[in-house]
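Here is the structure we will look at, set down as structure tokens.
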Amino acid sequence: IFQDPYSSLNPRMTVGSIVGEPLLVHKIAKGQEREERVRELLAAVGLKPDHMKRYPHEFSGGQRQRIGVARALALDPQLIVADEPVSALDVSIQAQVLNLMEGLQEEFGLTYLFVAHDLSVVKHISDRVAVMYLGKIVELAATEKLFGNPKHPYTEALMSAVPVPDPDYNVERILLEGDVPSPVNPPSGCYFHPRCRYAKDICKTEEPIYRDLGDEHFVKCHLAEELSLRPVVSE
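Residue 5 is where the sequence shown starts when you use this note's numbering, and the numbers rise one by one after that.
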């Protein structure tokens, strides 16, 4: 499922052709069988059968993303990779698409690899969260554990940007200094140390190993056990 529903659908193809294309490419169905499968897929994402003959420009952004979801479902996958699937949509439409994806996950037994930078969306949709910095996973844990007990300084900095609907909750926004290093020429030791306010000498010279702190909470930080990092307050 692609990020931009306005550019990920071929404007010269009908919705029926777009959703049914994987069935043709993989030689799974054609003719009447393919058409019937497309109708089922459109119904699964909340679109009408007569939408098959329309073109992408006739649909809103949310409807276009539903078409993209239907296409992703065409081959009965176990895993769907969703690359920022709601970032280009209005907030109200985001909720509709996320609820749709959750319903489809339950109905078809799907696993999502959900790429996102909006932490409120991440918290809503995810069972486990992996935080990446400079192309490497620096922390991986169950969603509630990661938001409630972060163990990597970069995760803490990200969490400090999450809005908390509590006027009495004062949070210090952690602003990372310096530029993001080039992944082609990364810094020595821990990649994050030039921007980390907790960095020590070992961080500058030795790359931390990726280890389990317990309960499948993995982190890549020399100081994970000794730091007390600020969590996100539950809504």
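Ideal placement from N, C-alpha and C gives every residue a C-beta, glycine not left out.
All values reported here derive from a predicted model rather than from experimental measurement.
Exercise. Mind checking whether P89 and I5 have CB atoms under 8 Å apart?
Worked result: In the sequence shown, residue 89 corresponds to position 85, counting from 1. In the sequence shown, residue 5 corresponds to position 1, counting from 1. Contact flag set, yes.
For this session: Measure the alpha-carbon distance for E239 versus L102 and round it to whole angstroms.
Result: For the purposes of this step, residue 239 is taken as residue 235 along the sequence shown, with counting starting at 1. For the purposes of this step, residue 102 is taken as residue 98 along the sequence shown, with counting starting at 1. Only weak support is given to the placement of E239: the predicted model assigns it a pLDDT of 47, under 50, and the question is left unresolved by the model.
For this session: Could you tell me whether the segment 204–213 touches the segment 117–133, where touching means 3 or more Cβ pairs closer than 8 Å?
Result: By the Cβ rule, the segment 204–213 does not count as touching the segment 117–133, because fewer than three pairs are nearer than 8 Å.
Exercise. So is M56 buried or exposed if we call it buried at 16+ other beta carbons inside 10 Å?
Worked result: Within the sequence shown, residue 56 is the residue found at index 52, counting from 1. Classification of M56: buried, given that the 10 Å Cβ count is 16 or more.
Exercise. In whole angstroms, what is the alpha-carbon distance linking F196 and A165?
Worked result: Along the sequence shown, one-based indexing puts residue 196 at 192. Along the sequence shown, one-based indexing puts residue 165 at 161. One C-alpha to the other measures close to 18 Å.
Exercise. So, are the CB atoms of V50 and L93 less than 8 Å apart?
Worked result: Residue mapping note: residue 50 aligns to position 46 of the sequence shown, counting from 1. Residue mapping note: residue 93 aligns to position 89 of the sequence shown, counting from 1. Just to set this straight, residue 50 is Gly in the shown sequence, not Val. Cβ atoms of G50 and L93: not closer than 8 Å.
Exercise. Considering T18, what are the terminal residues of the beta strand (DSSP E) in which it resides?
Worked result: As a first step, residue 18 is located in the sequence shown; it is residue number 14 there, counting from the start. Element bounds for T18: n/a, residue is neither H nor E.
Exercise. Which residue comes first and which comes last in the beta strand (DSSP E) that contains I84?
Worked result: Along the sequence shown, read from residue 1 onward, the residue named residue 84 stands at position 80. Element bounds for I84: 83–87.
For this session: Could you tell me which of P190, R177, K204, V184 sits nearest to L235, measuring between CA atoms?
Result: Residue 235 sits at position 231 when you count from the first residue of the sequence shown. Checking the sequence, you will find Pro at residue 235 rather than Leu. For the residues P190, R177, K204, V184, the minimum Cα distance to P235 belongs to R177.
Exercise. For the candidate residues E230, E220, L79, whose alpha-carbon lies nearest to that of L114?
Worked result: Against the sequence shown, residue 114 aligns to sequence position 110. When only C-alpha atoms are compared, the closest one is L79.
Exercise. Looking only at its own chain, which residues have a Cβ that is under 8 Å from the Cβ of Q100, when we skip the five neighbours before and after it?
Worked result: Taking the sequence shown and counting its residues from 1, the one referred to as residue 100 is at position 96. Only G66 meet the Cβ criterion.
Problem set entry | Option nearest G107 by Cα separation, candidates D216, K204, V73 | What you label residue 107 is simply residue 103 of the sequence shown in a count that begins at 1. For the residues D216, K204, V73, the minimum Cα distance to G107 belongs to V73.
For this session: With a threshold of 16 other CB atoms inside 10 Å of the CB of R132, please say whether the residue is buried or exposed.
Result: Translated into the one-based positions of the sequence shown, residue 132 becomes position 128. Exposed, by the Cβ-count rule.
Problem set entry | Cβ separation of V19 and R43, assumed to be a contact under 8 Å, to the nearest whole Å | The residue given as residue 19 occupies position 15 in the sequence shown. The residue given as residue 43 occupies position 39 in the sequence shown. No, V19 and R43 are not in contact; Cβ-Cβ is about 11 Å, not under 8 Å.
Exercise. DSSP three-state call for I141: helix, strand or coil?
Worked result: Residue mapping note: residue 141 aligns to position 137 of the sequence shown, counting from 1. In the displayed model, I141 falls within a strand according to three-state DSSP.
For this session: State yes or no: is the C-beta of H221 within less than 8 Å of the C-beta of K149?
Result: Position 217 of the sequence shown, counting from 1, holds the residue named residue 221. Position 145 of the sequence shown, counting from 1, holds the residue named residue 149. Their beta carbons are under 8 Å apart, which means H221 touches K149 by this criterion.
For this session: Note down, in chain order, each residue of its chain lying with its Cβ closer than 6 Å to the Cβ of Q98, except the 5 sequence neighbours on either side.
Result: The residue given as residue 98 occupies position 94 in the sequence shown. Hits under 6 Å: V90.
Problem set entry | Test: G65 CB closer than 8 Å to a CB of chain C | The structure shown contains no chain C, having only a single protein chain.
Exercise. What are the start and end residues of the beta strand (DSSP E) that includes L217?
Worked result: In the sequence shown, residue 217 corresponds to position 213, counting from 1. No residue range can be given for L217, since it is assigned to no beta strand (DSSP E) and is classified by DSSP as neither H nor E.
For this session: Compare the Cα-Cα distances from Q69 to each of K155, E40, E110, L46 and report the closest residue.
Result: The residue labelled residue 69 in the question sits at position 65 within the sequence shown. It is L46 whose Cα lies nearest to the Cα of Q69.
Exercise. Nearest to L123 by CA position, among V168, K155, E230, is which residue?
Worked result: Residue 123 sits at position 119 when you count from the first residue of the sequence shown. Among V168, K155, E230, the Cα nearest to that of L123 is on V168.
Exercise. So which of S11, H156, P187 has the shortest CA-CA distance to L138?
Worked result: To locate residue 138, count along the sequence shown from 1; it is residue 134. Cα-wise, what sits closest to L138 is P187.
Problem set entry | For V42, the three-state DSSP class (helix, strand or coil) | Walking along the sequence shown from the start, residue 42 turns up at place 38. The answer is helix: DSSP assigns V42 an H, G or I state.
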